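*Asks:*
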Amino acid sequence: MSRMLLHSRRAAMSLVALLLLVAGGWASWGTAQHVMLAKGREHGTITVDGCGEETCSGRFAPDSAAASRPGLTIGKSVAVKKGAKLSVVVKPGTDEVVRRGAGGIFHAWLPLGGALLLAAVIIGGGVGLPRVAWTSAGIGGVVLVGTFVTL
Numbered sequence: 000m001s002r003m004l005l006h007s008r009r010a011a012m013s014l015v016a017l018l019l020l021v022a023g024g025w026a027s028w029g030t031a032q033h034v035m036l037a038k039g040r041e042h043g044t045i046t047v048d049g050c051g052e053e054t055c056s057g058r059f060a061p062d063s064a065a066a067s068r069p070g071l072t073i074g075k076s077v078a079v080k081k082g083a084k085l086s087v088v089v090k091p092g093t094d095e096v097v098r099r100g101a102g103g104i105f106h107a108w109l110p111l112g113g114a115l116l117l118a119a120v121i122i123g124g125g126v127g128l129p130r131v132a133w134t135s136a137g138i139g140g141v142v143l144v145g146t147f148v149t150l
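Numbered per numbering that gives the first Met the number 0, the sequence shown finishes at 150, counting up by one with no gaps.
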């Protein structure tokens, strides 16, 4: 009986950890796809004019021969300040841009990094796989520190 409870607990904790990782990957992919698969998308630079509570807006100057556009928005973060010039990619069909380069990649995968850290606690304590937990925590930590350093 106790063996069955142990296996049931491990299975339940594994499902919770898997759910966390899937949710983190899902939340990250919405932005990461535009940063990592940027070929064929509009690239350029945005000069931040001002920031609201959640977004900042500014004038977009494309790298190609297209006309510049005012009023494009970028998600507000600690690293975005008025007057900053950021290298960005335009999300197709929207007036929203995302950073490109290493900083953009790390920032896009930030939700997955947090999910990896949370899942590490469950993997180590609930499932009983300490090496996998330390690996998960290490990768999550690298993503979080990488975001901090590159932005």
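Even glycine gets a Cβ: it sits at the ideal position worked out from N, Cα and C. All values reported here derive from a predicted model rather than from experimental measurement.
1. For the ligand MG, is there any heavy atom lying closer than 6 Å to the beta carbon of D94?
2. Please report how far the alpha carbon of G165 lies from the alpha carbon of E53, in whole angstroms.
3. Do G123 and A132 come within 7 Å of each other at the CB atom, strictly closer than that value?
4. Among all the DSSP beta bridges, which residues are the ones paired with E53?
5. I'd like to know whether the C-beta atoms of V47 and K81 end up nearer to each other than 7 Å.
6. Taking 7 Å as the limit between beta carbons, can you name the residues of its chain near A118, skipping five residues before and five after?
7. By DSSP's criteria, T44 is part of a beta bridge. Which residues make up the other side?
8. Find the nearest neighbour of T44 within the set G137, V141 and S63, judged by alpha-carbon distance.
9. Is it the case that the Cβ atoms of G103 and L143 are separated by a distance below 7 Å?
10. By DSSP, does P79 sit in helix, in strand, or in coil?
11. Can V88 and H42 be called in contact, C-beta distance under 7 Å?
*Replies:* Looking at the atomic coordinates:
1. No copy of the ligand MG appears in this structure; indeed no ligand is present at all.
2. No statement about residue 165 is possible, as the shown extent of the chain runs from 0 to 150 and does not include it.
3. Against a cut-off of 7 Å, the Cβ pair of G123 and A132 comes out as a contact.
4. E53 pairs with nothing; no bridge assigned.
5. For V47 and K81, yes; Cβs fall inside 7 Å.
6. In the same chain as A118, and ignoring 5 residues on each side of it, the C-beta atoms closer than 7 Å to its own belong to A16, L19, L20 and S135, in chain order.
7. For T44, which the question treats as bridged, DSSP gives the partners A60 and S86.
8. Put simply, of G137, V141 and S63 the residue whose alpha carbon is nearest the alpha carbon of T44 is S63.
9. Going by C-beta atoms, G103 is not nearer than 7 Å to L143.
10. In the sequence as presented, Pro is not what sits at residue 79; that position holds Val. DSSP places V79 in coil when its eight states are reduced to three.
11. Annotated as proximal: V88 and H42, with beta-carbon spacing under 7 Å.
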